[in-house]
Structures are given as C-alpha cells and as structure tokens.
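Visitor: Numbering (my numbering), first residue to last: 11 to 243. Don't be surprised by glycine CBs; every beta carbon is placed ideally from N, CA and C. Could you have a look at this structure, given as structure tokens, before my questions?
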Ligand code: CA
C-alpha cells in the first residue's frame, strides 16, 4: 500500500536509527505516512506543526524524556487528543501505570513484535478516527464534539482523559444501551489489547467523577452482572 493524502500520519519519536528504520519501513508498507523525530524537542515541534494521527513515543530519549514529551503534548490544546503509544524497555508495573497516568493511550514493551505493534496502531486509530466525522453527540445536558475534542455538561467543560473521552463517546452513541465490560474493552481499548475488566471499572469511575464534578446527578447506571449504560433508568 502506498501512502496517499488521506493516509493516517504516524510520528515516530525514537533515537535509535535501527529502530526508526524498522518502524518506518513497516508503517510505510501498511500505507501510513511517516514523519520522524529523534529527540523530544523535535517531537513536540513536529506534533504541533503537522498534527499526526498517532505518535509512537520512545520512553528513553536524550534530553527531554518520552514521559515529559507526553505530558507536554497533553497540555497543548492542538495536540492533547493525539493518540500516543509509548515504546519502552521497562516492564515494571509501576512504570506502566506511570506511563498511562501521563496520558499515553497504550504501552508496548521492547523488544516488541512489529506485527503486534501494527495491530495496536490499527486498533487505536480505529477507535480514534471515527471522531473525525465531526457529528455532535448529545444526551440530556451532556454534549460531545468529537471533531474539536470537547465535552460539556450544561455550560461546564468536562476535563476528560483520552480514555474517558472515548468511553463517553461510546455511551453517547447509544444512550440506554447496556454495554458489557468486554464490549467496552473492544470499543474503547481495542480487541488486540490485553486489559483486564478492572481497568474498565476504574475508567468508568473516573468518567462518573468528571460528569458529576459540577453537581449534576450520575448518568451512568451500573447493571449488575452486565455492565454499564448511559441513562437514568
Ligand atoms: Ca531510546
């Protein structure tokens, strides 16, 4: 496949030339347009300038670390919604959590199988690109604008992390529908990714907290033995 003007653009942030070469080759073969940065400062500049559809971000970078790059990208309005996959040689659970807390959407441990990484990229883009259609979703006083990555309740802006944003998008697409944890995993995290059900509960909990922070009632119903629904039944 050849990259065209409509091809999703992936920004590779990596300081090891051999890694860049492998990623570049495989992503281009899948039809992605590829841009590359070899350090954190360049990554932030390129992300702001070119607004890639996804960023592969190495954790260990010279000068500005991958974690710091992630943190800064999440703070800037233009780049805060760009999906990020962290690449790292560290495998400790604590670091994994730290990476996700910083705002990365996914985390791949080196050495990785290129096939698996591509599957994760595809899954993440499938989940994030429907948001480009730009249709406003609404349920009662909750509104979500996928194109501008904005969600509000009443007249208050909701400060949602990328996962909570996708969760809310899913709920708003079909208010009243009961979603099992497994279905939410598929829709929000992607089929190819190993996440346990407790993670779903944690993120639904965060979404609830966000939605009710301004004082409104809790619009998410827990359906025992089933999952969750957006409604007040
Ligand atoms: Ca590195």
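1) Along the alpha helix (DSSP H) that carries residue 245, what are the first and last residues, could you check?
2) By the three-class DSSP mapping on this structure, what secondary structure does residue 142 have?
3) Short check: CB of residue 84 to CB of residue 113, under 8 Å?
4) Verify the contact flag: residue 25, CB atom, against every heavy atom of ligand 1, threshold strictly below 7 Å.
5) Taking all protein chains shown into account, decide if residue 146 is buried (16 or more other Cβ within 10 angstroms of its Cβ) or exposed.
6) Tell me where the alpha helix (DSSP H) around residue 211 begins and ends.
7) What does DSSP give as the partner residues of residue 163 in its beta bridges?
8) Using the beta-carbon count (16 or more within 10 Å), is residue 86 buried or exposed?
9) For residue 189, which three-state DSSP category applies?
10) Let me know the secondary structure DSSP gives residue 90 once reduced to three states.
11) If you compare alpha carbons, which of 32, 55, 199, 185 is closest to residue 152?
12) Considering only residues of the same chain and omitting the five flanking positions on each side of residue 30, which have a CB-CB separation below 8 Å?
13) With respect to 7 Å, is the separation between the Cβ of residue 48 and the closest non-hydrogen atom of ligand 1 below this value?
14) What residue from 26, 163, 190, 28 has the CA that sits closest to residue 228's CA?
15) How would you label residue 26, buried or exposed, when you count the other beta carbons within 10 angstroms and need 16 or more for buried?
16) Cα separation between residue 222 and residue 178?
17) Can you tell me whether residue 33 is buried or exposed, with buried defined as 16 or more other CB within 10 angstroms of its CB?
18) Residue 42: buried (16+ other C-beta within 10 angstroms of its C-beta) or exposed?
19) If I follow the unbroken beta strand (DSSP E) through residue 122, where does it start and stop?
20) Taking the straight line between their C-alpha atoms, what separation do you get for residue 188 and residue 195?
Guide: Answer, in terms of the structure:
1) The shown model of the chain, from 11 to 243, leaves out residue 245, and the question about it has no answer.
2) With a pLDDT of only 40 at residue 142, under the threshold of 50, the placement of this residue in the model should not be trusted, and no figure is reported.
3) yes
4) Yes, Cβ of residue 25 sits closer than 7 Å to a heavy atom of ligand 1.
5) exposed
6) 207-222
7) 152, 166
8) exposed
9) Residue state, collapsed to three classes: strand.
10) coil
11) 185
12) Within the same chain, residue 30 has close Cβ partners 22, 24, 46, 48.
13) no
14) For the residues 26, 163, 190, 28, the minimum Cα distance to residue 228 belongs to 163.
15) exposed
16) 13 Å
17) buried
18) With 16 or more other Cβ atoms within 10 Å, it is buried.
19) Careful: residue 122 lies outside any beta strand (DSSP E) and carries neither H nor E.
20) 14 Å
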